[in-house]
Amino acid sequence: MSYQQTQPQQQQQLSYAPRATSGPQAQQDAGAFQGGSFTIAHRDTNAILNLDLQEGATIRAIPGAMIHMSNSVQLAGKVKFSMKKLFTGGDLAESTYSGPGKIALAPTLFGDIIPLPMNGQQPWNVGKDAFLACTTEISKELKSQGLGKAFFSGEDLFIYRMGGQGIVWLTSFGAVDRLDLQSGEEHTVDNGHLVAWNCDFRIERAGGSSSTSFKTGEGLVCRFTGPGSVYVQTRNMSDFKSFIRANSAGAAAA
5 MSYQQTQPQQ QQQLSYAPRA TSGPQAQQDA GAFQGGSFTI AHRDTNAILN LDLQEGATIR
65 AIPGAMIHMS NSVQLAGKVK FSMKKLFTGG DLAESTYSGP GKIALAPTLF GDIIPLPMNG
125 QQPWNVGKDA FLACTTEISK ELKSQGLGKA FFSGEDLFIY RMGGQGIVWL TSFGAVDRLD
185 LQSGEEHTVD NGHLVAWNCD FRIERAGGSS STSFKTGEGL VCRFTGPGSV YVQTRNMSDF
245 KSFIRANSAG AAAA
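Anchor point for the sequence shown: position 141 equals 145 in the numbering used here, and the numbering is continuous, going up by one each time.
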């Protein structure tokens, strides 16, 4: 039985406000935004974002994400060159889709897609590889975390700072859970599982052991403090890369 059969689809507007709880939240499969609507299919590991745009409606997405689209949709590419993006690995290009018509988008790797409604008041921090697409009203800026925090959290030195009012669609490695924290509530997240967050955090050693490796950051966790929310992915990309390298080396030796 698929995820969509067990979870009722709900049409939710931009006024959607997450209900604060101490546990993971079920993710939204469908919704509407100014000038269009969306559904997310084939969750949780092979997700596709289906968009239906009205006349004149526009969305922005990472290059190469389009699977198929209506002939009526206008696609334009835009290059945003800067030395900062060149050295940080930020997207130098961006694809813009204008309606009317239907579009299907997907990330490069297997994983989930989630909508992040933004109210124009609360900015979000988003991992550089987690951004898939957004409505045209959303602002996206590459920001430095600071060398120490980036190193210890397992995140890139630069992340996206998202603002404005609209919807951002995020992608993950594996499935995604959302943790909503009350004011003063603390929650610990393994550093390799972060997707997006809008609350304060500090870096700690797991278990308080001083024997963990400073070079690799092994045993380090992020302790978040509410109020706010944290999106986490169920798989760790660094661990997956290590698994591939180890098995590739073994196969080559054989």
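Note that CB positions come from ideal geometry on N, CA and C, so glycine has one too. Just so you know, these numbers come straight off a predicted model, no measurement behind them.
query                                                                                                                                                              : result
Is there contact here, the segment 41–61 with the segment 95–104, by at least three beta-carbon pairs under 8 Å?                                                   : yes
I'd like to confirm the pairing. Which residues does DSSP put opposite K106 in its beta bridges?                                                                   : D56
Does the distance between the C-beta of A61 and the nearest non-hydrogen atom of the ligand ATP fall short of 7 Å?                                                 : With respect to the ligand ATP, the structure offers nothing, as it holds no ligand at all.
Would L198 and L136 qualify as a contact pair, given that the criterion is a beta-carbon distance under 8 Å?                                                       : no
Please name the residue in G232, W201 and V225 whose C-alpha comes closest to that of K132.                                                                        : W201
Return the Cβ separation of A134 and L174 in integer angstroms, given the expectation that the two are a contact with Cβ distance under 8 Å.                       : 5 Å
May I have the straight-line CA-CA distance separating F205 from G196, to the nearest angstrom?                                                                    : 14 Å
According to DSSP, is S74 part of a helix, a strand, or is it coil?                                                                                                : coil
Less than 6 Å between C-beta atoms, sequence neighbours within five positions excluded: which residues of the same chain meet that for C138?                       : R64 and V172
Can you give me the Cβ contacts of N50 inside the same chain, cut-off strictly under 7 Å, excluding the 5 residues immediately before and after it?                : F114
Return the chain-ordered list of same chain residues with a C-beta closer than 7 Å to the C-beta of G27, the five sequence neighbours on each side being excluded. : At G27 the pLDDT is 43, less than 50, meaning the model places this residue with poor confidence; the figure from the coordinates comes in the next sentence. Here the set comprises nothing.
Using the Cα positions of R239 and N251, report the straight-line distance between them to the nearest angstrom.                                                   : 18 Å
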